[in-house]
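Student: Sharing a structure, written as structure tokens. Questions coming.
Number of protein chains: 2
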Amino acid sequence: MNHSSRLLQEAVDAFASLPGIGRKTALRLALHLLKQEPERVDQLSNAIKQFRREIRLCQTCFNLSDLEKCAICSDHHRLKKTICVVESVRDVMAIEETQQFRGLYHVLGGVINPLDGVGPEQLQIESLVSRIKSDEPEEIIMAISPTIEGETTIYYISRLLRELPVKISTIARGVAFGGELEYADEITLGRSIMSRIPYATNTE
Amino acid sequence: MNHSSRLLQEAVDAFASLPGIGRKTALRLALHLLKQEPERVDQLSNAIKQFRREIRLCQTCFNLSDLEKCAICSDHHRLKKTICVVESVRDVMAIEETQQFRGLYHVLGGVINPLDGVGPEQLQIESLVSRIKSDEPEEIIMAISPTIEGETTIYYISRLLRELPVKISTIARGVAFGGELEYADEITLGRSIMSRIPYATNTE
């Protein structure tokens with residue numbers, strides 16, 4: 001759509017540059033702003049700019065952080081003896097949302113994927129190894145997607161750590177809670193039969 | 205979702221304040237910004253702020269405008285003798301998109317709707333009447349939604365203009381082009397039979 005106003009055109013272009021927002025939605029968002037107080041729109045605009053300009057990665061775990069050390073790493077109530085290794089900051093959020101984990105994280109920034117040109121040196125693997133050497137956690141939990149690339153990454157890291165006195169575990173894989181067996185894919189179902197667990201453990 | 209970073213939280217809140225954007229989408233948009241150059245994000249942020257701060261309504265037709273007079277009113281190629289009366293700036297855009305109209309517009313800013321507390325004095329009706337008195341167009345086209353409120357508004361305006369030497373028309377209503385008769389609603393279908401048009405007119 002061709003807008004006669006340059007200001008409108010630029011606002012629509014700005015919104016339409018975001019993923020999943022087409023030009024019609026962008027126009028709707030721009031026109032919505034006109035109904036808001038200018039101060040509120042300034043606030044929105046500043047929040048976006050400030051976020052991009054000031055957010056950084058925690059120098060310990062590479063999670064998103066406002067300061068040099070993120071809120072999770074600085075929290076004295078978190079258990080230092082367990083480090084959960086994840087691909088991305090979204091995974092940190094997803095696990096935090098479960099409220100089941102009280103340890104620390106380490107964000108790799110992806111998984112080893114030679115086809116996409118992602119090797120171990122592009123990921124926070126070296127920093128993970130030196131962190132384990134210096135902080136000596138008891139256990140690291142690999143909360144990595146069970147894809148070929150994910151499994152490769154887990155294998156690669158486990159090889160690097162095999163001389164170190166740290167227990168390595170992965171998150172449980174199997175049929176999702178609340179899911180119907182007949183809709184589970186065959187690999188998941190097959191593997192969840194192969195790696196079945198004693199019933200008692202399940203009801204702990 | 206509770207984010208450990210205040211900057212992230214504020215960016216997510218900013219996006220989630222927009223209509224149709226939930227918290228998960230807002231998070232996805234915020235994380236997308238991190239992959240962009242800071243300069244590009246500044247540009248996006250500034251476009252939004254500047255739009256809200258600097259856009260105004262054309263003092264002639266009340267369309268969105270960068271200057272006191274909008275691009276359409278300032279365009280010497282537009283025909284001054286026809287004014288198309290619409291509810292909102294979105295309608296101007298929709299009609300411009302058709303490339304079928306070369307006259308000027310007048311944006312009412314809504315329709316008369318007593319239930320929502322919108323009376324004629326909240327709309328740009330007085331300015332329309334004085335514009336017609338001073339500019340003396342030959343015709344005004346009411347491109348107003350064929351709802352009860354829209355019809356009321358058209359009737360109200362036509363009463364105000366009945367002493368003036370201006371032709372009043374409304375856009376044609378009927379079955380949509382490309383639409384199947386059986387799916388047309390009964391009021392539209394009934395009225396399009398009542399207000400049938402000679403076949404020749406249709407092929408002009």
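Protein sequences appear in the order of chains A and B. Quick note: the first sequence uses the numbering used here, first residue 1, plus one each step. Quick note: the second sequence uses the numbering used here, first residue 205, plus one each step. Even for Gly, the Cβ is constructed at its ideal location relative to N, Cα and C. Computed from a predicted structure; not experimentally measured.
#1: Taking the continuous alpha helix (DSSP H) assigned at residue 134 (chain A), which residues delimit it?
#2: Would a C-beta distance cut-off of 8 Å place residue 105 (chain A) and residue 83 (chain A) closer than the cut-off?
#3: Could you name the residues of chain A that residue 245 (chain B) contacts, counting a contact when the two beta carbons are closer than 7 Å?
#4: Can residue 251 (chain B) and residue 42 (chain A) be called in contact, C-beta distance under 8 Å?
#5: If you draw a straight line from the alpha carbon of residue 35 (chain A) to that of residue 28 (chain A), how long is it in whole angstroms?
#6: Within the same chain, show all residues whose beta-carbon is closer than 7 Å to that of residue 293 (chain B), passing over the 5 residues directly before and after it, in chain order.
#7: Tell me which same chain residues have a C-beta within less than 8 Å of the C-beta of residue 86 (chain A), skipping the five on either side of it?
#8: What first and last residue would you give for the beta strand (DSSP E) that runs through residue 106 (chain A)?
#9: Can you tell me which of the three DSSP states residue 267 (chain B) falls into?
#10: Note down, in chain order, each residue of its chain lying with its Cβ closer than 6 Å to the Cβ of residue 139 (chain A), except the 5 sequence neighbours on either side.
#11: Check whether the Cβ atoms of residue 31 (chain A) and residue 236 (chain B) sit closer than 8 Å, and answer yes or no.
#12: At a Cβ threshold of 8 Å, is residue 287 (chain B) touching chain A?
#13: Going by other Cβ atoms of all chains shown within 10 Å of its Cβ, with 16 needed for buried, is residue 24 (chain A) buried or exposed?
#14: Residue 214 (chain B) touches chain A at which residues, Cβ-Cβ below 8 Å?
#15: Counting C-beta neighbours from all protein chains within 10 Å, is the total for residue 397 (chain B) 16 or more, i.e. buried, or is it exposed?
#16: When you measure from the CB of residue 56 (chain A) to every non-hydrogen atom of the ligand NAP, does any distance come out below 7 Å?
#17: Any C-beta of chain B within less than 7 Å: which residues of the segment 64-75 of chain A qualify?
#18: Below 8 Å CB to CB, which residues in the same chain sit around residue 80 (chain A) once its five sequence neighbours on both sides are set aside?
#19: Is DSSP giving residue 351 (chain B) helix, strand or coil here?
#20: In angstroms with no decimal places, state the Cα-to-Cα distance between residue 22 (chain A) and residue 362 (chain B).
#21: Since residue 294 (chain B) meets chain A, which of its residues come closer than 9 Å, beta carbon to beta carbon?
#22: In angstroms, rounded to a whole number, what distance separates the CA positions of residue 366 (chain B) and residue 357 (chain B)?
#23: Can you look up residue 169 (chain A) in the DSSP assignment and give me helix, strand or coil?
#24: Can you tell me whether residue 262 (chain B) is helix, strand or coil according to DSSP?
#25: Can you pull the chain A residues whose beta carbon is under 8 Å from the beta carbon of residue 217 (chain B), in chain order?
#26: Alpha carbon to alpha carbon, what distance is there between residue 184 (chain A) and residue 177 (chain A)?
#27: Pick from B:350, B:261, B:256 and B:364: whose alpha carbon is nearest that of residue 273 (chain B)?
#28: Which partner residues does residue 286 (chain B) have in the DSSP bridge list?
#29: Taking Cβ positions, are residue 171 (chain A) and residue 197 (chain A) nearer each other than 8 Å?
#30: Output yes if chain A places a C-beta closer than 8 Å to the C-beta of residue 259 (chain B); else output no.
Tutor: Considering the structure as presented:
#1: 126-135
#2: A contact, by the Cβ cut-off of 8 Å.
#3: 48, 49 and 52
#4: no
#5: Taking the straight line joining both Cα atoms gives about 11 Å.
#6: The answer, listed in chain order, is 267, 268 and 311.
#7: Contacts found: 92, 95, 105, 106, 107, 108, 143 and 144.
#8: 104-107
#9: coil
#10: 82 and 167
#11: no
#12: no
#13: exposed
#14: 47, 50 and 51
#15: exposed
#16: Annotation note on the ligand NAP: not contained in the displayed structure, which lists no ligands.
#17: 64, 65, 66, 70, 71 and 72
#18: The answer, listed in chain order, is 103, 104, 135 and 137.
#19: coil
#20: 39 Å
#21: By Cβ distance, chain A contributes 27, 28 and 31.
#22: 14 Å
#23: strand
#24: coil
#25: 47
#26: 11 Å
#27: For residue 273 (chain B), the nearest C-alpha among the options comes from B:261.
#28: In the DSSP assignment, the residues bridged to residue 286 (chain B) are B:343.
#29: no
#30: yes
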